[in-house]
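When you line the sequence shown up against the numbering used here, it's residues 797 to 1091, in that order.
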Amino acid sequence: MILITGATGRIGRRVVERLVEADQPLRVLVRDEEKAKHLLPAGIDVFAGNLADYGLVQSAVDGTQSVMLLSPVDPKQVELQGNVVNAAMATSHPYIVKISGLDTAADSYVDCGRWHAETEQQIQSSGLRHTFLRPLFFMQNLAFLLDSARSKGIIRAGVGDSKIAMVDADDIAEVTTKLLMDKNMLMDQEVTLTTAESVTYHQVASVFTQVLARKVRYEQQSLEEVRQALLTSNQPEWHINILLQFNRAFLEGKGDAANTAVEDILGRPATTLLQYLQREVEQSGGDQSSNPFPS
Ligand SMILES: NC(=O)c1ccc[n+]([C@@H]2O[C@H](COP(=O)([O-])OP(=O)(O)OC[C@H]3O[C@@H](n4cnc5c(N)ncnc54)[C@H](OP(=O)(O)O)[C@@H]3O)[C@@H](O)[C@H]2O)c1
C-alpha cells in the first residue's frame, strides 16, 4: 500500500495518476475531499483532513509500505511533515520519498531550505528507509510568464544572468512513482533533480520566442523591484521573504547544478524547456494560478 500526501498538488496528482495506471494499491491524504474527487481518478482510498491532525495521519500511514511526503512551503512545514515521520515510526515503518528543494541545508539562509533539511535529518535519525528528491526550480513556475510573453513580448524576473537547472514537475512525478514502486533503487540517497542543462532567463526568453513565434525579451528586475511587486500581491511577509531568498540563491549560482539524474533513473532524457513550453502553450495557454517565483 502506498500513501500520497499533497495528492491534489502539482507533483502529487501526477504521481497518483501514474500509480493508478500501474495498478498499485494506493491511498491519499487530502484536505479537501471534493477537490480530490474532481482532480483524481475514481476509486482511490481517501483520508480527508489535515497533516496537522496526528490521529488522522497515523491511520493514513498505518499499513503502508511506501509514502510520498510533500507539503507546501509553510512555516509549519517541519511540524506537519514531522507528524508523518512520527506516524511512520509508530506504525508500519514505510519507505519515505520526500520532496525537498533548493538549498536544502541546515545552515541555509533560504528558510524552507532549512525546514526541508530539518525533516530530512529527522528521517535519517529515525532510521526509516528513504530517498530525498531535491528539485531546484519547477518549469511550471514559468507558466505565469506566458501571458506577458504573449501579449507584451517581455518576461521579467530578478535572477539576473544566473543559470538555473529547471525540471518538469511531470519528470519529478515519474521519478517519484518509480521509486515508490521500487524502494531499492535509490535507497537512503538524496538526489538533485534537474534537466541536463542550466539556462539563463535570456535563454528562457529565446524559447518563449520559439514557441510563441513572436520576439520575447527578458527584462531584469532588481531585488528591490521584485520586493515592491510582491508587496502588492497580498502574500504574507514570510512568503515574500522566501521568494526573495530564492532570488538571492539563484543570483549566487545555487541553481546552477544540472545533472543527469532524471535520465539515469528514467532511462530517457529529461524533458527540455522547449518541450515543456510547447506542451504548456498547446494545453492551456498558461497556469494562471502559478506564482512568478518558485515556492
Ligand atoms: N515550485 C518549485 O519550483 C519547487 C522547487 C523545488 C522544490 N519545491 C518543493 O515542492 C513542494 C511543493 O510541491 P507542489 O508544487 O506539488 O505543491 P502544491 O502544488 O503547492 O501542492 C501542495 C499540496 O499539499 C496539500 N496541503 C497543503 N497544506 C496541507 C495540510 N496542512 N495538510 C494536508 N495537505 C496539505 C495541498 O492540498 P490542497 O489542494 O488542499 O491545497 C496540495 O495537495 C514544496 O515542498 C517545495 O519546497 C518546489
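All C-beta atoms in this analysis are idealised placements derived from N, C-alpha and C, irrespective of residue type, glycine included. Predicted model, so just to flag it, every value in this text is computed and none were measured.
State the DSSP-derived secondary structure class of residue i, mapped to helix, strand or coil.
i: S904; result: coil
i: M983; result: coil
i: D1060; result: helix
i: L1069; result: helix
i: L756; result: In the structure as shown, the chain begins at 797 and stops at 1091. Residue 756 is therefore absent and cannot be evaluated.
i: I800; result: strand
i: I807; result: coil
i: T1028; result: coil
i: R827; result: coil
i: V1012; result: coil
i: V816; result: helix
i: A965; result: helix
i: D841; result: strand
i: V1003; result: helix
i: A992; result: coil
i: A945; result: helix
i: A953; result: strand
i: L1019; result: helix
i: L847; result: coil
Assuming the contact rule is C-beta atoms closer than 8 Å, residue i and residue j should be a hit. Round their C-beta distance to whole Å, please.
i: I800; j: L822; result: 7 Å
i: L865; j: I840; result: That pair is no contact at about 18 Å.
i: E986; j: F928; result: 4 Å
i: S862; j: I798; result: 5 Å
i: A1001; j: Y1014; result: 4 Å
i: W911; j: V874; result: 5 Å
i: Q820; j: M977; result: 6 Å
i: A1057; j: T988; result: 6 Å
For residue i, I'd like the list of residues in its chain whose CB is within less than 7 Å of its CB, leaving aside the five on either flank, ordered along the chain.
i: G878; result: T915 and Q918
i: S1018; result: G954
i: A1054; result: A961, T990, T991, A992, E993 and S994
i: V1022; result: G954, L1040 and N1043
i: R946; result: L1008
i: V1003; result: L1069, L1070 and L1073
i: A969; result: I807, R810, V811 and R814
i: R925; result: Y891, K979, M983 and D984
i: A832; result: A803, T804, V824, V826 and V842
i: L975; result: V893, T927, M981 and L982
If you drop the 5 nearest sequence neighbours on each side, which residues of the same chain put their C-beta closer than 8 Å to that of residue i?
i: D1052; result: S958, K959, I960, A961 and S994
i: G1049; result: S958 and K959
i: V1077; result: L942, V1007 and L1008
i: L1027; result: I1036
i: E1020; result: none
i: Y850; result: N879, N882 and A883
i: K872; result: A848
Taking the CB atoms as reference points, tell me whether residue i and residue j lie closer together than 7 Å.
i: D899; j: M935; result: no
i: A1066; j: D967; result: yes
i: G956; j: L1047; result: yes
i: L815; j: T972; result: no
i: G909; j: A902; result: no
i: S888; j: R930; result: no
i: A883; j: Q854; result: yes
i: S867; j: L852; result: no
i: I1095; j: D907; result: The chain is shown from 797 up to 1091; residue 1095 falls before or after that span and cannot be answered.
Using a Cβ-Cβ cutoff of less than 6 Å, which residues in the same chain neighbour residue i once the five nearest sequence positions on both sides are dropped?
i: L835; result: T804 and R809
i: M885; result: S922
i: L825; result: T801, F843 and A856
i: Y1072; result: M935 and D964
i: K1011; result: G949 and T1005
i: H998; result: Y1014
i: T996; result: D957 and K959
i: G845; result: L852
Closer than 6 Å: is that where the CB of residue i sits relative to any heavy atom of ligand 3?
i: N937; result: As far as ligands go, the structure on display features ligand 1 and does not contain ligand 3.
Check your understanding: Where in the stretch 857-935 do unbroken runs of the beta strand (DSSP E), each at least 3 residues long, occur, reported from the N-terminal end onward?
Key -> Complete beta strand (DSSP E) runs here, min 3: 862-865, 891-895 and 926-931.
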